[in-house]
Amino acid sequence: MPVKSHKKRKKQWIGFAAVLVCYILIVLLLGSCLSMVEAGHQGVVFNYFSGVQPQVLGDGLHLHWPWESVTAYPVSTEMATFAKGQAVSVVSKDGQRVQIDVFMSYHLQPARLPGLMQRLHQEDWEDARQQILRGRLQAAMQTVALRHSVVSLFATQRETVCREIEAEVKRELAKDGIGLEGLALTDLRVDERMRQRLQKLVESDIEHQYILRETANKEQLARQRLNEAETSRKVTLIEAQGEAEANRLISQSLTPELMRYYQREQVKSRTN
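Take any residue in the sequence shown, count from 1 to its spot, add 1225: that is its number in the numbering used here.
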């Protein structure tokens, strides 16, 4: 009897272990088939047999095959700064080396995420983004820098250069499905000798602009005085013409009878 009881308990333990193993396997299977995509992110599916899938998953819980994995990418606005040791280095048209600090805001375009994942080869975006963004910035800014001299970059055409750089960076980033929202060149640096030369050019340009403004102001004042004199002359002419016209009308209205009436009145006033 004890032998049978022992065998019975052993079978029960074996059955319990089998159920537990099955339960664990089901949980693991379900875990490998479920993926959560957080808010502000989009998911890209990678199939271990066919590679990156074209569909993009929105935020939320998603069910997929066990041989698939989901990688989430942020699609909200992100910021990146490249300064000091990470500043972008370019060469100007006249061969001058310029270090440029850049601040930018951007976002990943959801429809282009599968292509970006293929380029990354499943590398994490947070680990790769600085390298990708800096590479695109370097290529775009060098393209623009080769069109301009260092003086243009720093002084005479700085606003134009900034607009060209922003447009070129936007085109470069679009190749990876990255949308540029804003770009600012926060600082530009050259060697000390060139910096002093540029400082003199800037000061000379400021003085030149001041002279141009003063000349324009003097010309404006002269035109204003000329307009005032012309207006005064026209007013005087109009007044003279009006007085002449009034005298003409009065002389036409003085009939012989009216003249005799005035003469009689004047004689009466003298006698009284």
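Backbone N, C-alpha and C define an ideal beta-carbon position, used for all residues, glycine too.
Nearest-angstrom Cα separation, counted from residue j out to residue i
{"i": "D1352", "j": "Y1298", "result": "12 Å"}
{"i": "W1292", "j": "M1366", "result": "42 Å"}
{"i": "L1413", "j": "E1455", "result": "52 Å"}
{"i": "R1321", "j": "Q1355", "result": "The residue asked about is misnamed: residue 1321 is Gln in this sequence, not Arg. Those two C-alpha atoms are separated by around 26 Å."}
{"i": "L1462", "j": "T1385", "result": "52 Å"}
{"i": "H1287", "j": "V1327", "result": "38 Å"}
{"i": "A1264", "j": "L1358", "result": "23 Å"}
{"i": "S1275", "j": "L1282", "result": "18 Å"}
{"i": "S1457", "j": "L1451", "result": "10 Å"}
{"i": "A1336", "j": "I1325", "result": "32 Å"}
{"i": "R1448", "j": "E1391", "result": "42 Å"}
{"i": "E1303", "j": "C1258", "result": "30 Å"}
{"i": "S1301", "j": "E1406", "result": "11 Å"}
{"i": "L1253", "j": "V1269", "result": "Its pLDDT being 49, under 50, L1253 is placed unreliably by the model, and nothing is read from it."}
{"i": "V1313", "j": "G1285", "result": "38 Å"}
Element boundaries [beta strand (DSSP E), containing residue i]
{"i": "R1322", "result": "1322-1333"}
{"i": "S1314", "result": "1313-1316"}
Helix, strand or coil at residue i according to DSSP, with G and I counted as helix
{"i": "P1299", "result": "strand"}
{"i": "E1455", "result": "helix"}
{"i": "Q1278", "result": "strand"}
{"i": "L1253", "result": "Per-residue confidence for L1253 stands at a pLDDT of 49, beneath the threshold of 50, marking its modelled position as unreliable; the derived number appears in the next sentence. Correct three-state label for L1253: helix."}
{"i": "G1265", "result": "coil"}
{"i": "G1285", "result": "strand"}
{"i": "A1305", "result": "strand"}
Enclosing alpha helix (DSSP H) for residue i [first to last residue]
{"i": "D1412", "result": "Looking at the DSSP string, D1412 is not in any alpha helix (DSSP H); the run it does join, the beta strand (DSSP E), is 1403-1414."}
{"i": "Q1382", "result": "No alpha helix (DSSP H) contains Q1382, which DSSP labels as neither H nor E."}
{"i": "G1360", "result": "1350-1370"}
{"i": "G1340", "result": "1338-1345"}
*asked:* Could you check whether the region 1331-1342 touches the region 1377-1388, counting it as contact only if at least three pairs of C-beta atoms, one from each stretch, sit closer than 8 Å?
replied: no
*asked:* Would you call the region 1334-1351 in contact with the region 1396-1414, where contact means no fewer than 3 C-beta pairs closer than 8 Å?
replied: yes
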